[in-house]
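Colleague:
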């Protein structure tokens, strides 16, 4: 019995160590993810004045919402990503595999800003929740919401190409 246990242990260790071996010297080539313009987004003050026009990618399915801006090296000043959900609900994001510092702008179902998460740190897995139910979330470069003077109550409008 002890001999059988010893043999099983040796086989188990051999499997673990060979399956975890490092392929030193081999690198995986990855392609840079290119920005894909899906629409234009207009940020609008409560007064009705347009603050800024952005080219945006739209994340409206499970895969694109899960990956978002992960693995991107940069985001141009006039670019962003709009996450679209079927309905308003409490939302929470994190920065796993995201290399760009971001501002997250949360909008309710009538496209009005309800909360912000500003200056989200790259690669940080801390939860970044909306303060109120949100149906739309806009990711933009960190600091943009301050520079553009975005406030609760401001809204957006989208025009698809």
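In the numbering used here, the protein residues as written are 4 to 164. Each residue gets a CB set at the ideal place from its N, CA and C atoms; glycine is no exception.
Between the stretch 104 to 124 and the stretch 75 to 95, can you find at least three pairs of beta-carbon atoms closer than 8 Å?
Modeller: Yes, they touch.
Colleague: Is residue 45 helix, strand or coil by DSSP?
Modeller: Of the three classes helix, strand and coil, the one that applies to residue 45 here is strand, per DSSP.
Colleague: Run through DSSP, which three-state label would residue 128 get?
Modeller: Coil, per DSSP.
Colleague: Check the C-beta distance from residue 163 over to residue 62 and give it rounded, since I have them as a contact under 8 Å.
Modeller: About 14 Å separates the two Cβ atoms, so there is no contact after all.
Colleague: Buried or exposed: which applies to residue 106, given that a residue is buried once 16 or more other Cβ atoms fall within 10 Å of its Cβ?
Modeller: Classification for residue 106: buried.
Colleague: Whole-angstrom Cβ separation of residue 59 and residue 83, contact assumed at under 8 Å?
Modeller: Sure, about 5 Å apart at Cβ, within 8 Å.
Colleague: Given that a residue counts as buried once 16 or more other Cβ atoms are within 10 Å of its Cβ, and exposed if not, what is residue 73?
Modeller: Its Cβ having fewer than 16 others within 10 Å, residue 73 is exposed.
Colleague: Could you tell me which of 135, 136, 132 and 38 sits nearest to residue 80, measuring between CA atoms?
Modeller: Of the listed residues, the one whose Cα sits closest to residue 80 is 38.
Colleague: How would you call residue 126, buried or exposed, if buried means at least 16 neighbouring beta carbons within 10 angstroms?
Modeller: Exposed, because fewer than 16 other Cβ atoms sit within 10 Å of the Cβ of residue 126.
Colleague: If you run the structure through DSSP and keep just helix, strand and coil, what is residue 88?
Modeller: Strand, per DSSP.
Colleague: For residue 141, which residues in the same chain have their Cβ closer than 6 Å to its Cβ, ignoring the five residues on either side in sequence?
Modeller: Within the same chain, residue 141 has close Cβ partners 83, 85 and 108.
Colleague: For a test of the three-state rule: what should DSSP assign to residue 70, helix, strand or coil?
Modeller: Looking at residue 70 - three-state DSSP - the assignment turns out to be helix.
Colleague: Can you name, in chain order, every residue of its own chain whose Cβ lies under 7 Å from the Cβ of residue 139, other than the five neighbours on each side?
Modeller: Taken in chain order, the residues that qualify are 85, 86, 87, 110 and 114.
Colleague: Could you tell me the distance, in whole angstroms, from the CA atom of residue 136 to the CA atom of residue 36?
Modeller: If I take the Cα positions, the gap works out to 30 Å.
Colleague: Between the Cα of residue 157 and the Cα atoms of 40, 44, 34 and 50, which residue gives the shortest distance?
Modeller: It is 50.
Colleague: I need the boundaries of the beta strand (DSSP E) containing residue 142, first residue and last residue.
Modeller: Counting along the chain, the beta strand (DSSP E) containing residue 142 begins and ends at 137 to 144.
Colleague: Secondary structure at residue 81, three-state DSSP: helix, strand or coil?
Modeller: Residue 81: coil per DSSP, three-state reduction.
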